[in-house]
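Below is one structure, written out as structure tokens, with a few remarks after it.
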Amino acid sequence: MRFSNTLIPTLRDDPARTDVASQRLLLRAGFLRQLNAGIFTWLPLGFRVLQKVEAIVREEMQRINAQEILMPFVQPAELWQESGRWEQMGAELLRIQDRHERDFCLSPTHEEIVTDLFRNNVRSYRELPCTYFHMHTKFRDEIRPRFGLMRAREFIMKDAYSFHLEESTLDKTYWDMYEAYSRILDRIGLDYRSVEADNGLIGGSSSHEFQVLAEAGEDVLAFSDSSDYAANIERAEARPPATRPEAQESMEKVHTPNAKTIESVADLLGLDATRCVKTLIVQGQESLVALILRGDHDLNELKAEKLPGIRTPFQFADPNDIENSLNCSIGSIGPVGLEIPYYVDRDAAALADFVCGANEDNYHYTGANWERDAHLQDIVDIRNVVEGDLEPNGTGRLLLKRGIEVGHIFKLGRKYSESMRVAIQDQEGATIAPAMGCYGFGVTRTVAAVIEQCHDEAGILWPESIAPAKVHLISVGADRSPEVGEAADKLYQLLQELNVEVLYDDRAERPGVKFADADLIGIPHRVVIGSRTLKEGVLEYRFQRNETEKISESELKNRVSASSIH
RNA sequence: CGGGAUGUGGCGCAGUUUGGUAGCGCACAUGACUGGGGGUCAUGUGGUCGCCGGUUCGAAUCCGGCCAUCCCGACCA
311 MRFSNTLIPT LRDDPARTDV ASQRLLLRAG FLRQLNAGIF TWLPLGFRVL
361 QKVEAIVREE MQRINAQEIL MPFVQPAELW QESGRWEQMG AELLRIQDRH
411 ERDFCLSPTH EEIVTDLFRN NVRSYRELPC TYFHMHTKFR DEIRPRFGLM
461 RAREFIMKDA YSFHLEESTL DKTYWDMYEA YSRILDRIGL DYRSVEADNG
511 LIGGSSSHEF QVLAEAGEDV LAFSDSSDYA ANIERAEARP PATRPEAQES
561 MEKVHTPNAK TIESVADLLG LDATRCVKTL IVQGQESLVA LILRGDHDLN
611 ELKAEKLPGI RTPFQFADPN DIENSLNCSI GSIGPVGLEI PYYVDRDAAA
661 LADFVCGANE DNYHYTGANW ERDAHLQDIV DIRNVVEGDL EPNGTGRLLL
711 KRGIEVGHIF KLGRKYSESM RVAIQDQEGA TIAPAMGCYG FGVTRTVAAV
761 IEQCHDEAGI LWPESIAPAK VHLISVGADR SPEVGEAADK LYQLLQELNV
811 EVLYDDRAER PGVKFADADL IGIPHRVVIG SRTLKEGVLE YRFQRNETEK
861 ISESELKNRV SASSIH
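Structure below.
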């Protein structure tokens, strides 16, 4: 690949309004261009990286005997109506019509198509279990595309789907997939964690996300400092607190003018927020419902949404409705004498002598105690864990980190096979709907995740596994010294003969420009040929941002081929 | 959808308050000098100022409408 013959429009300045490293560097280094909100063109260098990621994913899918197919991007509405998702999906599903005014959608995922494929073509239990995958463009009309590739509307995902007669094989495929994802990320060279994840509305018994650790990540993950426990904060749990201490104080009503937040109440009373209780009012199915948490804790809406009697989707109550039914405003609510049903978080339930709203504006109680002053039932876990919490089994403490979700595997169960009437006969001739698993891996997002983890001030630092080329060959001063040009051409030739991918910067640019572009592009091995080193009969070599060395041509072969084993 | 911002050559920006017919840096082209970390000088090319309408003798600038992109909140690979 000759630089002079390749579209690599590097930018001297940072593009405007890009505060995520991956987006900034992909644009600056000439890998990617944005066409529209969340829609991108991959330029030659970027496309090569993409293909490398795809190749690794493909190999690992083949290793676990998944069969590669390619399903359509434009899909008829009928299948989506059959599964019920045509109605459920909302605006995220981009709907279009053909010339006959028939409804179609751009595929955000392929459960319907693969299920239809399966029911029309697989007849016997003997063919199960089986797994199909493809790597294809997806379109999700995200409410807010952002962070470049990390939340694009059009993106490439590897999605795999498995079909099973019995749970045991689903379980096996699930863990095969788990191993495959781990291998993919190991091979790329990413620092990642697999975490227990929320299954969302799909349900099922098990779900894991593969999260690449990065500050720019949109997810928060909780890890134990001394065990394997790791979970998305959406579902992470802390060990429940020990038993509640005995009541010491008697309850008193105190005047707390204008103290409407936990912080201001705690300040006013000279107490820590951990001694207070906060009462949030949300929409229930029949009436308003209160959720009671310790003052310093945050509500986890996903956990709350799953409680009986809470309306889905989760919604906080309207402040006017609260005033009307409780006769006091949001900052003054508390469990004592509260006339609507309530749930108490485990940590709030373990408090004694606490402070809470008096259900009367500008008043709070101090020294309140459960059972004596407010009834206590429905003790639940509805808070987000915080750093330092004990992990669920109590052996270590939780740490929080941010991550980019690049993979998600889960067991679908029979949601699609039942709604779409898939029937397979088992050995006894009984007709059953197969269990399914689905396994997504964000290919384009992974490219962004790699850059988030592998870059410095000067540019990208590609791991060798997915770098657009192995060697960046730079000629310096070839335009006025023909020997330099000849030597560089010759080395370019040689490397190609050795099957080493090389980007050859043969432009008549000043050295500074070439070096700056090379730093930006981030190909791991850099070789410079100029009149100085040519005279000495050596090559100037640098690996990533290491010190420059002078090495021989045969040594270069060693360095480059040694690194190709991974 | 709610809140905030921005749209001016390929990129980054000024000009808008106070209307007078578009400018700077980079990039690009040509030439000279220079020659190992984005060099210097000279001469050039390139813009319906997001779109539509209005006010005005005259609009990038004022008014109205629309569109797009970006940032903060709910979605997800």
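With this note's numbering as the guide, the letters of the first sequence map in order to residues 311 to 876. Backbone N, C-alpha and C define an ideal beta-carbon position, used for all residues, glycine too.
For glutamate 670, no beta strand (DSSP E) encloses it, and the DSSP letter there is neither H nor E. Assignment of phenylalanine 626 by DSSP, reduced to helix, strand and coil, places it in the strand class.
Here histidine 765 has Ala331, Leu335 and Leu771 as same chain residues with Cβ atoms under 7 angstroms from its own Cβ, once five neighbours each way along the sequence are excluded.
Contact annotation: valine 654 and isoleucine 602 have beta-carbon atoms nearer than 7 angstroms. For secondary structure counted as the alpha helix (DSSP H) over 4 or more consecutive residues, the region 722–759 holds these complete runs in sequence order: 725–729.
In the three-state reduction of the DSSP assignment, glycine 605 falls in the coil class, being assigned neither a helical nor a strand state. Between arginine 656 and isoleucine 689, the C-beta spacing is below 7 angstroms. By the Cβ criterion, the region 458–472 is in contact with the region 747–754, since at least three pairs of Cβ atoms, one from each stretch, lie closer than 8 angstroms. A residue is called buried when at least 16 other Cβ atoms come within 10 angstroms of its Cβ; valine 363 meets this threshold and is buried. For lysine 824 against isoleucine 776, the beta-carbon gap comes to about 23 angstroms, at or over 8 angstroms, which does not count as contact. When rounded, the separation of the alpha-carbon atoms in glycine 356 and glutamine 687 is 57 angstroms. Counting the other Cβ atoms within 10 Å of the Cβ of threonine 622 gives fewer than 16, which makes it exposed. The beta carbon of serine 841 sits closer than 7 angstroms to the beta carbons of Gly787, Ser791 and Val794 from its chain, once the five residues preceding and following it are set aside; these are given in chain order.
Under the DSSP assignment, proline 386 falls outside any alpha helix (DSSP H), being part of the beta strand (DSSP E) whose first and last residues are 384–386. Closest by C-alpha distance to isoleucine 692, out of Ile643, Pro618 and Glu611, is Glu611. The Cβ atoms of alanine 526 and isoleucine 831 lie no closer than 7 angstroms to each other. The region 702–714 makes no contact with the region 444–455; the number of CB pairs closer than 8 angstroms stays below 3. Your pair phenylalanine 313 and tyrosine 851 does not check out as a contact, with CB atoms roughly 19 angstroms apart and the cut at 8 angstroms. In the DSSP annotation of this structure, leucine 813 is not part of any alpha helix (DSSP H); the continuous beta strand (DSSP E) holding it starts and ends at 812–815. Exposed is the label assigned to glutamate 633, since fewer than 16 other Cβ atoms lie within 10 Å of its Cβ. In the same chain as glutamate 489, and ignoring 5 residues on each side of it, the C-beta atoms closer than 8 angstroms to its own belong to Ile374, in chain order.
Sequence-distant Cβ neighbours of leucine 844 in its own chain, meaning closer than 7 angstroms and more than five residues away, are Glu793, Val794 and Ala797. Counting only runs that start and end inside the region 526–571, the beta strand (DSSP E) elements of at least 3 residues fall at 529–534, 540–542 and 562–565. Counting C-beta pairs with one atom in each stretch, the region 659–673 and the region 582–594 have three or more that are closer than 8 angstroms, which means they touch. The beta carbon of glutamate 556 lies closer than 7 angstroms to those of Ala662 in the same chain, with the five residues before and after it left out.
The three-state reading of DSSP puts aspartate 426 in helix, counting H, G and I together.
Between serine 642 and aspartate 671, the gap from beta carbon to beta carbon is short of 7 angstroms. DSSP places phenylalanine 414 within a strand segment (E or B) once states are collapsed to three.
Here the region 429–438 does not lie against the region 412–420, with fewer than 3 beta-carbon pairs under 8 angstroms apart. In this structure, glycine 348 and arginine 463 form a Cβ contact; the two beta carbons are roughly 3 angstroms apart against a cut-off of 8 angstroms. Judged by DSSP in its simplified three-state form, tryptophan 772 adopts coil rather than helix or strand. Around the beta carbon of leucine 500, a 10 Å sphere encloses 16 or more other beta carbons of the protein chains shown; the residue is thus reported as buried. With a 10 Å radius around the Cβ and a threshold of 16 neighbouring Cβ atoms, proline 834 comes out buried. In the structure shown, the three-state DSSP call for serine 639 is coil. Contact between the region 473–492 and the region 366–381 is present, with at least three C-beta pairs closer than 8 angstroms. Secondary structure in the region 462–509: the alpha helix (DSSP H) runs of 4 residues or longer, each lying completely within the stretch, are 477–498 in chain order.
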